[in-house]
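Engineer: Just so we're aligned, residue 0 is where the sequence shown starts under numbering that gives the first Met the number 0, counting upward by one.
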Amino acid sequence: MEAYITADWIYPVKTPPIKNGVLGVNEDGSIHVVLSADEAKGIENIKHYDGVIVPGFINTHCHLELSHLRGKIAEKTGLTTFIKQILSQRQQPEEAIISAMQAADAAMYENGIVAVGDISNLLISKSVKLNSKVYYHTFVEVFGFNRPSEPIIAAAIEIKEGFNPLTASIVPHAPYSVSPSLFNEIEKVTSVDDISSIHNQETLGENELFETGTGKFADFFAELGIAQNEAHNCGENSMKYHLPKLSKTVNTLLVHNTFSSKADVDFAKQEHQKLYWCLCPNANIYIENNLPDVDLLKNEGLKITLGTDSLASNHQLNILAEMKTLQDQKAISFEESLKWATLNGAEFLRIDAQYGSFEKGKKPGIILIDIVKDGVIEKETTIKRLF
Ligand SMILES: [Zn+2]
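(1) Could you check whether K244 and I30 sit closer than 7 Å to each other, using their CB atoms as the reference points?
(2) By DSSP's criteria, I30 is part of a beta bridge. Which residues make up the other side?
(3) Could you check where the beta strand (DSSP E) with L253 kicks off and where it finishes?
(4) DSSP beta-bridge partners for S196?
(5) Between which two residues does the alpha helix (DSSP H) carrying S126 extend?
(6) Among Q88, K378, N58, K215, which has the Cα closest to the Cα of H67?
(7) What I want to know is whether the C-beta of D308 ends up closer than 6 Å to one or more non-hydrogen atoms of ligand 1.
(8) Quick one: is A352 buried, meaning 16 or more other Cβ sit within 10 Å of its Cβ, or exposed?
(9) Exposed or buried, what is P15 when buried is set at 16 or more other beta-carbons lying within 10 Å of its beta-carbon?
(10) With distances taken Cα to Cα, identify the nearest neighbour of T248 among V33, R384, V191, T137.
(11) Taking just the CA atoms, how far does I118 sit from C61?
(12) Determine the DSSP secondary structure at F56, reduced to helix, strand or coil.
(13) Which residues bound the beta strand (DSSP E) around E140?
(14) As a quick exercise: from Q269, N236, K268, W276, pick the residue whose alpha carbon is nearest that of V254.
(15) Which runs of the alpha helix (DSSP H) at least 4 residues long sit entirely within the region 278-361? Give them in chain order.
(16) Within the continuous alpha helix (DSSP H) that includes K383, where are the two ends?
(17) Are the region 313-324 and the region 268-282 in contact at 8 Å, needing three or more beta carbon pairs?
(18) Along the chain, where does the beta strand (DSSP E) that runs through G116 open and close?
(19) In chain order, what residues of the same chain have a beta carbon less than 8 Å from the beta carbon of I45, not counting five sequence neighbours either side?
(20) Which residues does DSSP list as the beta-bridge partners of P171?
(21) Can you give me the start and stop residues for the alpha helix (DSSP H) that A2 sits inside?
(22) State the DSSP-derived secondary structure class of L68, mapped to helix, strand or coil.
(23) Bridge partners of T79, per DSSP?
(24) Pair every Cβ in the region 330-340 with every Cβ in the region 85-102, then say whether three or more of these pairs are closer than 8 Å.
(25) Going by DSSP in three states, L367 sits in which element: helix, strand or coil?
(26) With S180 as the anchor, note down where its alpha helix (DSSP H) starts and where it stops.
(27) Pull the bridge partners of K239 from the DSSP assignment, please.
(28) CA-CA distance, I366 and G212?
(29) Per DSSP, H47 forms a beta bridge with which residues?
(30) Grab me the residues of Y207's own chain with a C-beta within less than 8 Å of its C-beta, minus the 5 sequence neighbours each way, in chain order.
(31) Please report how far the alpha carbon of G41 lies from the alpha carbon of K239, in whole angstroms.
(32) Below 6 Å, is the gap between the Cβ of L274 and the nearest heavy atom of ligand 2?
(33) Alpha carbons only, please: which of S168, I368, R69, E94 is nearest the one belonging to T189?
(34) What did DSSP end up calling L274 once you bin it into helix, strand or coil?
(35) Answer yes or no: do S246 and E287 have a C-beta to C-beta separation smaller than 7 Å?
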């Protein structure tokens, strides 16, 4: 027995929004039918909601493991200072880390998030993910520039297998932290049905390190006593370094892209056919007080997704809040960013058979947002899960 619900607008995402559209929903929350107001004439007992109804949000970039650092990291200090703060404060008692992750997971659920691509360096998030109502794919993240690659990969394989039965894949952290030989080892353990992810051009110092061997990352490495690699100071930026080393057959997320230029986009389009471009605007403001050239990425027709990053660099794990920042700072419409926040993320995570849009047979989560008026997000809160 299905229920019928309606709102001021229904956003199926794959097709245009429907004014006073009607969703027929099966008892298990799967979509039975999507109807226009006309097509729904004659159906009785349609429950009306004020606001707009959208499919569940997909958060393609999070670090659940860093949830206990909420409010502990100073804002707008730049990426290298941010990393130093994370390293010095990350160690905490296990119970504190787990309870912070549980709270973060519950908050994501309340905020209408149905699936998460989550970066992990450890196995500690497994119990939270297993008991969650949210779908998780875990990216087991590796790094290493000045040490042998084999032990790094061996440890990562153990963590990946530890996450079983949850899905997981082994991925590089960032261009500045992964050596050519480690990229090579990652490629060896990547299979065609994996998904990959890498932090990309998050700060100016990252490009500078590769181009000229100078800047904030070069200083940071010097401070740590890490010798420069042959890839550094080579006249080409970080994207030219890492993209050719990635597996070309798997969906791959470039995260942040704060300093990606038109030339980078042109190069990326030639080099890799399965790229998705993740924006984490609130984290970019938190860490670097800078935002990517969103118009460029949009106008180039790239597949854009959204992420919250972690509570170390965000005040909340809320995709609607990321959409509001893009609306306020970059004039991105609700309808546009909604596709990034739902369907594109589901496609990237290869879960679009169930998530990302209202279509017959899918069970994408059904979210009521009553603070969107005339396609404008007025506040960040007031999200209600209907299914
Ligand atoms: Zn991140």
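Virtual Cβ for every residue (Gly too), placed ideally from N, Cα, C.
Remember, it's a predicted structure, so these values are computed and weren't measured experimentally.
Structural biologist: On the basis of the supplied data:
(1) Indexing the sequence shown from 1 puts residue 30 at position 31. Indexing the sequence shown from 1 puts residue 244 at position 245. Their beta carbons are not under 7 Å apart, which means I30 does not touch K244 by this criterion.
(2) Within the sequence shown, numbered from 1, the residue matching residue 30 stands at position 31. Per DSSP, V24.
(3) As a first step, residue 253 is located in the sequence shown; it is residue number 254 there, counting from the start. Here the beta strand (DSSP E) through L253 covers 250-255.
(4) Locating residue 196 in the sequence shown gives position 197, where the first residue counts as 1. According to DSSP, which records beta bridges pairwise, S196 is partnered with L252.
(5) Residue mapping note: residue 126 aligns to position 127 of the sequence shown, counting from 1. Segment 125-129, the alpha helix (DSSP H) holding S126.
(6) Here residue 67 refers to the residue found at position 68 of the sequence shown. Selected option, being the one with the closest Cα: Q88.
(7) The sequence position of residue 308 within the sequence shown is 309, counting from 1. Correct: D308 has its Cβ closer than 6 Å to ligand 1.
(8) Taking the sequence shown and counting its residues from 1, the one referred to as residue 352 is at position 353. The residue is exposed, with fewer than 16 neighbouring Cβ atoms inside 10 Å.
(9) Stepping through the sequence shown from its first residue, residue 15 is reached at position 16. So P15 ends up on the exposed side.
(10) Locating residue 248 in the sequence shown gives position 249, counting from the first residue. Of the candidates V33, R384, V191, T137, the one whose C-alpha sits nearest the C-alpha of T248 is V191.
(11) Taking the first residue of the sequence shown as 1, we reach residue 61 at position 62. Taking the first residue of the sequence shown as 1, we reach residue 118 at position 119. Looking at the two C-alpha atoms, the distance is approximately 6 Å.
(12) Locating residue 56 in the sequence shown gives position 57, where the first residue counts as 1. Looking at F56 - three-state DSSP - the assignment turns out to be strand.
(13) What you label residue 140 is simply residue 141 of the sequence shown in a count that begins at 1. Segment 134-141, the beta strand (DSSP E) holding E140.
(14) Along the sequence shown, one-based indexing puts residue 254 at 255. For V254, the nearest C-alpha among the options comes from W276.
(15) 280-286, 293-298, 318-329, 333-340, 342-347
(16) Stepping through the sequence shown from its first residue, residue 383 is reached at position 384. Unbroken run through K383 is the beta strand (DSSP E), 382-384; no alpha helix (DSSP H).
(17) yes
(18) Working through the sequence shown from its first residue, we reach residue 116 at position 117. That run of the beta strand (DSSP E) goes 112-119.
(19) Taking the first residue of the sequence shown as position 1, residue 45 is located at position 46. Only Y3, I4, T5, V21, A39 meet the Cβ criterion.
(20) As a position in the sequence shown, residue 171 is number 172, starting the count at 1. Note: P171 sits in a beta bridge opposite V141.
(21) By 1-based counting over the sequence shown, the position of residue 2 is 3. Taken as a continuous stretch (DSSP letters only), A2 belongs to no alpha helix (DSSP H), being part of the beta strand (DSSP E) at 2-9.
(22) Residue mapping note: residue 68 aligns to position 69 of the sequence shown, counting from 1. In the structure shown, L68 sits in a helix (DSSP, three-state: H, G or I).
(23) Indexing the sequence shown from 1 puts residue 79 at position 80. Answer is none; T79 lacks a bridge partner.
(24) no
(25) On the sequence shown, position 368 is the one that residue 367 refers to. Three-state result, L367: strand.
(26) Locating residue 180 in the sequence shown gives position 181, counting from the first residue. Counting along the chain, the alpha helix (DSSP H) containing S180 begins and ends at 179-187.
(27) Within the sequence shown, numbered from 1, the residue matching residue 239 stands at position 240. Its beta-bridge partners do not exist; DSSP assigns none.
(28) The count along the sequence shown starts at 1 and reaches residue 366 at position 367. The count along the sequence shown starts at 1 and reaches residue 212 at position 213. When rounded, the distance between both Cα atoms is 48 Å.
(29) Position 48 of the sequence shown, counted from the first residue, corresponds to residue 47. H47 is bridged to T5.
(30) On the sequence shown, position 208 is the one that residue 207 refers to. The sequence as given places Glu at residue 207; Tyr does not occur at that position. Contacts found: T213, G214, K215, F216, A217.
(31) Position 42 of the sequence shown, counted from the first residue, corresponds to residue 41. Position 240 of the sequence shown, counted from the first residue, corresponds to residue 239. So the alpha carbons of these two residues sit roughly 60 Å apart.
(32) Within the structure as shown, ligand 2 is missing, the only ligands being ligand 1.
(33) Taking the first residue of the sequence shown as 1, we reach residue 189 at position 190. Of the listed residues, the one whose Cα sits closest to T189 is S168.
(34) In the sequence shown, residue 274 corresponds to position 275, counting from 1. The answer is strand: DSSP assigns L274 an E or B state.
(35) Working through the sequence shown from its first residue, we reach residue 246 at position 247. Working through the sequence shown from its first residue, we reach residue 287 at position 288. Cβ distance not < 7 Å, so S246 and E287 don't count as in contact.
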